[in-house]
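Residue numbers (my numbering), protein chains in the order written: chain Y, 1 to 142; chain G, 1001 to 1510; chain F, 2001 to 2112.
All C-beta atoms, glycine included, are put in the ideal place defined by N, C-alpha and C.
None of the values given here were measured: they were computed from a predicted structure.
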Amino acid sequence: MSPIVKKVAQLMVGIIFMYGIYIIVHGHLTPGGGFAGGAVISGAFILLVLAFGSNVMNLKSREEGSSVVESVAILFFLLLAVLAFFIGTTIFFSNYLPKGNIGELISAGVIPLYNIAVGVEVAAALFTIFLALVIYKEEIST
Amino acid sequence: MHNLIPLFIVIPLASAFLVPVIGRLIKGFSKIITLTAFLCLLLLSLNYIFLSDFSPIIYKIGGWEPVENIPIAIYLVLDSFSIFMLCIINVMAFLSALYSVSYIEKYTGINNFYTLLCIMVAGLNGIVLTGDLFNLYVFLEITVIASYALVAFGTEKEELEASFKYQVLGGIATAMILFSIGLIYWYTKTLNIADISEILQTSEDHRLIEFSQLMLIAGFGLKAAIMPFHGWLPDAHSSAPSPISAMLSGVVIKAAGLYVLFRLFFNMYVISFDIGVLITAIGTLSMVVGVFLAIGQWDLKRLLAYHSISQMGYVILGVGMGMLILAKNGNKTLAALAIGGGLFHLVNHAVFKGLLFLNAGAIEYTLGTRDLKKMGGLYSKMPVTSVTSLSASLAISGIPPFNGFFSKLIIILAAVQARFYLLAVLAVVVSIITLASFMKFQRYAFFNTSAPKKVIKEVPLSMTAVMIFMAVLCLGLSLLILPDIRDSFLGPAVNVLLDTTNYSTVILGN
Amino acid sequence: MIVYILCFILFQVGLFGILTSRNIIKIVIGLSFMEFSVYLFLVLIGYIENASAPILTGNPAQTNFVDPLPQAMVLTAIVIGLATKGMLLTMAIRIYKKFGTFDIRKVTSLKG
């Protein structure tokens, strides 16, 4: 890609990334949440790969990393849900943390934590899908 | 024990996502964790047969209690019909996973295989347990996405084409099911199956509800591959790896298609005569046409796949006759006989069709072909495969000591007693043609003298052990005809479908 | 009422596209049409006139909300749709590699 594209991508990526994090952590207050924010974050990564390019080997190692992150995020989500078996109530998926006040950033118990897990999961999953398709295309053309 | 119901979904999901994380570091971890998880599920589901006092266990996810008798939480409902299906799913899943240990060696990406298998089982358990219409849709999609990927697991030409066909037809079915769920929500303003049932019983008939019923029959008919919607089944089931074929044919079309149809049309909608006629008609049609399509096949797994359509027809015929009798306020014991025959055939079909697909896998494993014309003389070379497939063939064609005979007998008896003479005659004729078709399979595969030149030997121990166990199960399930055993496993499941309104009163009463 | 009928027409446009087009990618697009019509229908059945978005802001004056449940359903369905579309497109690429074409009439290795 041309230097202009690379420079603009460099400047934009940080802002896009921050915006994604903002959407994820405000998931229980505003529209959005884990899925939307995760999609934005994965957009930042995809922009970097598109602007700077990479060789296949590099992409493959990144794909392995992102798929591990994806699985770990799902396991974290499951752990949060299963913890409810042991903490306080014995009910699956119950909200065992203090609820706080409506409208504050730290409120709504475990829901922000679920949002963060989903956000990481979606970002990693979409990036993995993108990388898998790119790697497959490279393998066809060579 | 009431708190353990979510484990049916948590255990397979956890093992599914532990496999890609830890399995990448430790070789062989994926097999061990999958088998352990499935063994836990198997013991848990068998445990509920003996524990349950036949009253449904209701589990509210998140602990949200109903407000003014309006249910808010997503309900997990474990009643006798669910226990019946859970046992079939988890027994078959464990046996398929055990069989896969040797079979899957020839493929690459073993970790992915086990991950997808675990996700599929999680989805199936979820479908059977959930009491919420939209949750049902979500679990259905989890199941079918995993099975799309598993059908295409070999990534050869045939697998890809079969999987693409399966996905397009599955996508249409999904859209229809979601549309129908939207219609039901529009009319009743609730998604809880029990709550919907109560509202539909008190309200008058409405065109929207009839439309949603037809959309549901089309959608779940596509998932269950009943006759007008069967196009994807022979391709998908014959292209998948054999343990997956056994899962797809033995469990997925039943849990994701027939279970949901029966549950919704008996326990959610008000039973109507028209829908009963429709269901019986498509059941009969798929029973008759499936067997005629099967008889000309030379590809072994494709032949078995067409027989799946035909045998599913028996199940739908039995349950559909029960629905007709119930809708006309007929004799309840007769309806129980018909529905019992249908469900009995459902569990029998899971076992013998699973076994036949595993036999086909064993033959493909050693010979590398599925073409019946290229086989022959395997009787002396592969004695275990030969004997087990003979017992499964006798079971599917309805020869007395095996389980298939008793379930077909009950369905035919019910048809005669309810004076559906034509249906009884058709069921007998289809059974005879099935026998002819399996005679062909036995003769060409095992008793033909023109043995192939290759040096072949029996498949590894884990595969033969599974096949022997399932052959014993084929004989053992005949015991379900005895009243004592029937009343602890099959009888309660039939009663759930028979007492159509009981489901909603029990669930909303808690 | 007319919007619901339009939704159903969109549904049938998608079905028509699946049944008549020969290109694999166009079939996937037709499938997307069907799903989007259903999403649109679900959002519409939860709509109430002059109601606000279903967000709790702590302001007690707001009492009239649109139905949030269909919106949650649509979000879930979109996520599932993403997964199915990803699978379908991956299959399409692999079919293109194996068969060298996107024409569904030439993808005929299975018979009988």
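(request) Can you check DSSP and say which residues form a bridge with residue 1130 of chain G? (result) Translated into positions along the second sequence, residue 1130 of chain G becomes position 130. Residue 1130 of chain G pairs with G/1076.
(message) Tell me which residues of the segment 2090–2111 of chain F have at least one Cβ-Cβ distance to chain Y shorter than 9 Å, keeping chain order.
(response) 2090, 2093, 2094, 2096 and 2097
(message) If contacts are defined as beta-carbon pairs under 8 Å, then residue 16 of chain Y and residue 44 of chain Y qualify, I think. What distance do you get, rounded to the angstrom?
(response) Here residue 16 of chain Y corresponds to residue number 16 of the first sequence, with the count starting at 1. Here residue 44 of chain Y corresponds to residue number 44 of the first sequence, with the count starting at 1. The pair is a contact, with the Cβ atoms about 4 Å apart (cut-off 8 Å).
(message) With distance defined between alpha-carbon atoms, name the residue in F/2110, F/2080 and F/2103 nearest to residue 2036 of chain F.
(response) On the third sequence, position 36 is the one that residue 2036 of chain F refers to. Measuring from the Cα of residue 2036 of chain F, the nearest candidate turns out to be F/2080.
(message) Give me the residue from G/1175, G/1420, G/1147 and G/1178 with the minimum Cα distance to residue 1163 of chain G.
(response) To locate residue 1163 of chain G, count along the second sequence from 1; it is residue 163. Its Cα nearest to that of residue 1163 of chain G, the residue G/1147 stands out among G/1175, G/1420, G/1147 and G/1178.
(request) Return the CA-CA distance between residue 1295 of chain G and residue 1371 of chain G, expressed in angstroms with no decimal places. (result) Your numbering for residue 1295 of chain G matches position 295 in the second sequence. Your numbering for residue 1371 of chain G matches position 371 in the second sequence. Residue 1295 of chain G and residue 1371 of chain G have their alpha carbons spaced roughly 14 Å apart.
(request) Apply the 10 Å Cβ neighbour rule to residue 1436 of chain G and answer buried if 16 or more other Cβ atoms are within range, or exposed otherwise. (result) Within the second sequence, the letter at position 436 stands for residue 1436 of chain G. Classification of residue 1436 of chain G: exposed, given that the 10 Å Cβ count is below 16.
(request) Output, in chain order, the set of chain G residues within a Cβ distance shorter than 8 Å of residue 78 of chain Y. (result) For the purposes of this step, residue 78 of chain Y is taken as residue 78 along the first sequence, with counting starting at 1. By Cβ distance, chain G contributes 1010, 1013, 1014 and 1017.
(message) Give me the DSSP bridge partner(s) of residue 966 of chain G.
(response) Missing from the structure shown is residue 966 of chain G; chain G here goes from 1001 to 1510 and no further.
(request) Spatial neighbours of residue 1198 of chain G within its chain, please: CB distance less than 7 Å, with the 5 preceding and 5 following residues excluded, ordered by chain position. (result) The residue given as residue 1198 of chain G occupies position 198 in the second sequence. Excluding residues within five positions, the ones whose Cβ falls inside 7 Å are 1504 and 1508.
(request) Please compile the residues from chain F whose C-beta is within a distance smaller than 8 Å of the C-beta of residue 1195 of chain G. (result) Position 195 of the second sequence, counted from the start, is the residue given in the question as residue 1195 of chain G. Per Cβ cutoff of 8 Å: no residues; residue 1195 of chain G is ~13 Å from chain F at best.
(request) For the segment 50–84 of chain Y, enumerate the residues whose C-beta is nearer than 7 Å to any C-beta of chain G, in chain order. (result) 67, 68, 71, 72, 74, 75, 78 and 82
(message) Taking the alpha-carbon of residue 1169 of chain G as reference, which of G/1065, G/1228, G/1031 and G/1278 has the nearest alpha-carbon?
(response) The count along the second sequence starts at 1 and reaches residue 1169 of chain G at position 169. Of the candidates G/1065, G/1228, G/1031 and G/1278, the one whose C-alpha sits nearest the C-alpha of residue 1169 of chain G is G/1228.
(request) Would you check if the distance between the CB atom of residue 1037 of chain G and the CB atom of residue 1055 of chain G is smaller than 9 Å? (result) Taking the first residue of the second sequence as 1, we reach residue 1037 of chain G at position 37. Taking the first residue of the second sequence as 1, we reach residue 1055 of chain G at position 55. No, these two residues do not count as a Cβ contact at 9 Å.
(request) Tell me residue 2065 of chain F's beta-bridge partners as DSSP assigns them. (result) In the third sequence, the residue the question calls residue 2065 of chain F occupies position 65. Bridge partners of residue 2065 of chain F: F/2052.
(request) Determine the closest residue to residue 1230 of chain G out of G/1166, G/1174 and G/1261, with distance taken between C-alpha atoms. (result) Here residue 1230 of chain G is taken as the residue at index 230 of the second sequence, counted from 1. Nearest to residue 1230 of chain G by C-alpha distance, out of G/1166, G/1174 and G/1261, is G/1166.
(request) Note down, in chain order, all residues in the segment 1152–1179 of chain G with a beta-carbon under 9 Å from any beta-carbon belonging to chain F. (result) 1152, 1155, 1156, 1157, 1158, 1160, 1161, 1162, 1163, 1164, 1165, 1167, 1168, 1170, 1171, 1172, 1174, 1175, 1176, 1178 and 1179
(message) Please classify residue 2 of chain Y as buried or exposed, where buried requires at least 16 neighbouring CB atoms within 10 angstroms.
(response) Residue 2 of chain Y sits at position 2 when you count from the first residue of the first sequence. Exposed, because fewer than 16 other Cβ atoms sit within 10 Å of the Cβ of residue 2 of chain Y.
(message) Extract the residue ranges of the alpha helix (DSSP H) inside the segment 1297–1344 of chain G, only unbroken runs of 4 or more that lie entirely within it.
(response) 1300–1327
(request) Would you check if the distance between the CB atom of residue 2099 of chain F and the CB atom of residue 2025 of chain F is smaller than 9 Å? (result) As a position in the third sequence, residue 2099 of chain F is number 99, starting the count at 1. As a position in the third sequence, residue 2025 of chain F is number 25, starting the count at 1. It is not a contact, given that the beta carbons lie outside the stated cut-off.
(request) Return no unless some Cβ of chain Y is closer than 9 Å to the Cβ of residue 2051 of chain F. (result) Taking the first residue of the third sequence as 1, we reach residue 2051 of chain F at position 51. It does not; no Cβ of chain Y falls within 9 Å.
(request) State the DSSP-derived secondary structure class of residue 1371 of chain G, mapped to helix, strand or coil. (result) What you label residue 1371 of chain G is simply residue 371 of the second sequence in a count that begins at 1. In this structure, residue 1371 of chain G counts as strand in the three-state DSSP scheme.
(message) Counting only beta-carbon separations shorter than 9 Å, does residue 132 of chain Y have a partner in chain F?
(response) The residue you call residue 132 of chain Y lines up with position 132 of the first sequence. Taking Cβ atoms only, chain F reaches closer than 9 Å to residue 132 of chain Y, which makes this a yes.
(request) In the DSSP assignment, find the unbroken beta strand (DSSP E) run with residue 1057 of chain G in it and report its ends. (result) Here residue 1057 of chain G is taken as the residue at index 57 of the second sequence, counted from 1. 1057–1060 is the extent of the beta strand (DSSP E) around residue 1057 of chain G.
(request) In angstroms with no decimal places, state the Cα-to-Cα distance between residue 20 of chain Y and residue 1069 of chain G. (result) Numbered from its first residue, the first sequence carries residue 20 of chain Y at position 20. Numbered from its first residue, the second sequence carries residue 1069 of chain G at position 69. Those two C-alpha atoms are separated by around 40 Å.
(message) Distance check for residue 1098 of chain G and residue 1351 of chain G, CA to CA, integer angstroms please.
(response) If you number the second sequence from 1, residue 1351 of chain G lands on position 351. If you number the second sequence from 1, residue 1098 of chain G lands on position 98. Near 15 Å, if we compare the C-alpha coordinates of residue 1098 of chain G and residue 1351 of chain G.
(message) Suppose contacts are defined by Cβ-Cβ distances below 9 Å. Is residue 1410 of chain G in contact with residue 1344 of chain G by that definition?
(response) Taking the second sequence and counting its residues from 1, the one referred to as residue 1410 of chain G is at position 410. Taking the second sequence and counting its residues from 1, the one referred to as residue 1344 of chain G is at position 344. Yes, the Cβ-Cβ distance between residue 1410 of chain G and residue 1344 of chain G is below 9 Å.
(request) Give the residues of chain G in contact with residue 94 of chain Y, contact being defined as C-beta atoms less than 8 Å apart. (result) By one-based count along the first sequence, residue 94 of chain Y stands at place 94. Those are 1062 and 1063, listed as they occur along chain G.
(message) Which residues in chain C have a C-beta closer than 7 Å to the C-beta of residue 1277 of chain G? List them in chain order.
(response) No chain C is part of this structure, whose protein chains are labelled Y, G and F.
(message) Beta-carbon within less than 6 Å of residue 1226 of chain G's beta-carbon, same chain only, minus the 5 sequence neighbours each way: which residues are those?
(response) Position 226 of the second sequence, counting from 1, holds the residue named residue 1226 of chain G. Cβ within range, chain order: 1282 and 1286.
(message) Measuring only the C-alpha atoms, how far is residue 1252 of chain G from residue 1189 of chain G?
(response) As a first step, residue 1252 of chain G is located in the second sequence; it is residue number 252 there, counting from the start. As a first step, residue 1189 of chain G is located in the second sequence; it is residue number 189 there, counting from the start. Taking the straight line from one Cα to the other gives about 30 Å.
(request) Kindly indicate if chain G contains any beta-carbon less than 9 Å away from that of residue 87 of chain Y. (result) For the purposes of this step, residue 87 of chain Y is taken as residue 87 along the first sequence, with counting starting at 1. Not an interface residue.
(message) Could you check whether the segment 1417–1424 of chain G touches the segment 1390–1403 of chain G, counting it as contact only if at least three pairs of C-beta atoms, one from each stretch, sit closer than 8 Å?
(response) no
(message) Comparing C-alpha positions only, which one of Y/14, Y/65 and Y/111 sits nearest to residue 100 of chain Y?
(response) As a working mapping, residue 100 of chain Y is identified with position 100 in the first sequence. That would be Y/111, whose Cα lies nearest to the Cα of residue 100 of chain Y.
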